[in-house]
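Chemist:
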Amino acid sequence: MRQKGHDSVCASTRTNTYPSIDVVCPRTVGLCSSTPPGQLILLSRPFFYNEVDLRLLANVKQGRYLEPLAPTGLTGLRTHPNPRPTLIFLYKSTLEKLKAFPETSVYRQSTEALTRHRLQIVESTKPPGFDEWLERVKKTVAAQPKRFEPVRLPDGSYAARQEGDPNAGPRGLEWDGEGMEPSTEGPARTEEELARWHKIMEEVTDPEKRDSDFESDNIQWESEPPLEADQIAEIENKIGGGLIEELIQVAEGELKLVDELAKARVWEELAEKPRPEQWTYFERDTHTPEKS
Numbered sequence: 000m001r002q003k004g005h006d007s008v009c010a011s012t013r014t015n016t017y018p019s020i021d022v023v024c025p026r027t028v029g030l031c032s033s034t035p036p037g038q039l040i041l042l043s044r045p046f047f048y049n050e051v052d053l054r055l056l057a058n059v060k061q062g063r064y065l066e067p068l069a070p071t072g073l074t075g076l077r078t079h080p081n082p083r084p085t086l087i088f089l090y091k092s093t094l095e096k097l098k099a100f101p102e103t104s105v106y107r108q109s110t111e112a113l114t115r116h117r118l119q120i121v122e123s124t125k126p127p128g129f130d131e132w133l134e135r136v137k138k139t140v141a142a143q144p145k146r147f148e149p150v151r152l153p154d155g156s157y158a159a160r161q162e163g164d165p166n167a168g169p170r171g172l173e174w175d176g177e178g179m180e181p182s183t184e185g186p187a188r189t190e191e192e193l194a195r196w197h198k199i200m201e202e203v204t205d206p207e208k209r210d211s212d213f214e215s216d217n218i219q220w221e222s223e224p225p226l227e228a229d230q231i232a233e234i235e236n237k238i239g240g241g242l243i244e245e246l247i248q249v250a251e252g253e254l255k256l257v258d259e260l261a262k263a264r265v266w267e268e269l270a271e272k273p274r275p276e277q278w279t280y281f282e283r284d285t286h287t288p289e290k291s
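The sequence shown begins at 0 in numbering that gives the first Met the number 0 and counts up by one.
1) Output needed for Glu122: all residues of its chain with C-beta closer than 8 Å, excluding positions within five of it in sequence on either side, in chain order.
2) Looking only at its own chain, which residues have a Cβ that is under 8 Å from the Cβ of Glu227, when we skip the five neighbours before and after it?
3) Is Tyr280 buried or exposed, if buried means 16 or more other CB atoms sit within 10 Å of its CB?
4) Do the stretch 242-252 and the stretch 66-83 meet, that is, are 3 or more Cβ pairs less than 8 Å apart?
5) Using alpha carbons as the reference points, say which of Asn236, Glu190, Leu68 lies closest to Ile120.
6) Here's a check: name, in chain order, each residue in its chain whose Cβ is nearer than 8 Å to the Cβ of Thr93, leaving out the five neighbours to either side.
7) How many angstroms separate the CA atom of Glu221 from the CA atom of Leu269?
8) For Pro273, which residues in the same chain have their Cβ closer than 6 Å to its Cβ, ignoring the five residues on either side in sequence?
9) State the start and end residues of the unbroken alpha helix (DSSP H) segment that holds Trp132.
10) Rounding to the nearest angstrom, what Cα-Cα distance links Leu73 and Glu233 in this structure?
11) With C-beta atoms as the reference, is Pro70 less than 9 Å away from Phe129?
12) Below 9 Å between beta carbons: does that hold for Leu68 and Tyr90?
13) Give me, in chain order, the residues of the same chain whose beta-carbon lies closer than 8 Å to that of Lys96; leave out the 5 immediate sequence neighbours on both sides.
14) Would you give the residue range spanned by the alpha helix (DSSP H) that Thr114 belongs to?
15) Could you tell me which of Asp229, Glu271, Gln248 sits nearest to Leu76, measuring between CA atoms?
16) Below 7 Å CB to CB, which residues in the same chain sit around Trp266 once its five sequence neighbours on both sides are set aside?
17) Just to confirm, are Gln230 and Thr124 a CB contact at a threshold of 9 Å?
18) Answer with buried or exposed for Arg107, where buried requires no fewer than 16 other C-beta atoms within 10 angstroms of its C-beta.
19) How far does the alpha helix (DSSP H) with Lys237 in it extend, from its first residue to its last?
20) At the level of alpha carbons, what is the spacing between Arg283 and Ala263?
Encoded structure:
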């Protein structure tokens with residue numbers, strides 16, 4: 000079972016050594032906020048729960064969001080930090096590559112139907128605050144459309160991978176975003192010189208200026224709001240293909256397969272056609288005696 004953070008009861012067990020031993024996550028009842036995540040404490044009680052304990056346990060709720068990169072319960076598979084945009088990108092990329100196949104291809108027809116069905120399920124599930132985030136993103140793209148053109152997809156959407164801090168480049172190591180001000184050292188400047196200096200600083204730090212030395216090649220992008228745990232569970236139940244992380248792995252494999260099949264042009268005639276009756280030996284029911 001997937002772990003949903005540290006706000007759920009971890010376990011409860013009784014042994015013969017103690018009358019009653021309860022293993023409880025300390026973050027569940029607020030006993031010790033400084034306890035490292037995942038560390039358990041033992042609470043010994045003489046055969047009964049008091050009213051305070053029952054009220055505390057009654058207020059326990061499941062985590063609203065899944066913790067990114069936390070164990071999913073499957074070996075080697077961690078909780079994906081952004082499953083919704085990842086699946087949408089993979090499904091749309093698969094549908095785009097399938098256009099290279101003939102419309103009569105059975106593989107194209109079946110894969111398109113399945114991929115469109117799953118894409119509709121994922122797209123219809125929107126996280127809280129999605130509409131507000133979308134408006135902010137549209138304003139960002141509209142302000143600098145040419146900078147976002149390289150990551151524009153054929154369907155008009157945008158997709159890119161943002162790794163690390165966008166200000167961590169060579170320039171970012173020198174400049175931490177602090178505004179530049181005229182130095183107080185050196186010979187005194189007149190008011191006209193100071194005004195001219197401020198004008199130069201405004202021009203070179205303006206991101207819309209193409210000749211600006213401070214314009215970074217990286218694009219700072221606001222990530223899509225995360226899905227709630229219940230929304231992820233709803234997607235998993237509707238698709239019926241396991242955890243959403245497993246769906247991502249399947250989608251990645253399908254995308255690679257479509258790419259390889261398209262490169263090989265598997266719908267064309269074989270370069271070396273099989274000889275007559277070459278595969279007759281492997282047909283079904285050829286090794287059973289004929290019924291009289």
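Virtual Cβ for every residue (Gly too), placed ideally from N, Cα, C.
Modeler: Taking the structure as given:
1) Here the set comprises Ile87.
2) So the list reads Arg63, Tyr64, Pro126, Pro127, once near-sequence residues are dropped.
3) It is exposed - the Cβ of Tyr280 has fewer than 16 other Cβ atoms within 10 Å.
4) The stretch 242-252 is in contact with the stretch 66-83.
5) Among Asn236, Glu190, Leu68, the Cα nearest to that of Ile120 belongs to Asn236.
6) So the list reads Thr110, Thr114, Ala250, Glu253, Leu254, Val257, once near-sequence residues are dropped.
7) If you draw a straight line from the Cα of Glu221 to the Cα of Leu269, it comes to about 49 Å.
8) So the list is empty, once near-sequence residues are dropped.
9) First-last of the alpha helix (DSSP H) with Trp132: 129-142.
10) Those two C-alpha atoms are separated by around 19 Å.
11) No, Cβ-Cβ distance for Pro70 and Phe129 is not below 9 Å.
12) Contact flag unset, no.
13) Contacts found: Leu254, Val257, Asp258, Ala261.
14) Boundaries of the alpha helix (DSSP H) around Thr114: 105-123.
15) For Leu76, the nearest C-alpha among the options comes from Gln248.
16) For Trp266, where only same-chain residues beyond five positions count, the Cβ hits under 7 Å are Phe100, Pro101, Ser104.
17) In this structure, Thr124 lies closer than 9 Å to Gln230 by Cβ.
18) Result: buried.
19) 228-238 is the span of the alpha helix (DSSP H), which, as asked, contains Lys237.
20) So the two alpha carbons sit approximately 29 Å from each other.
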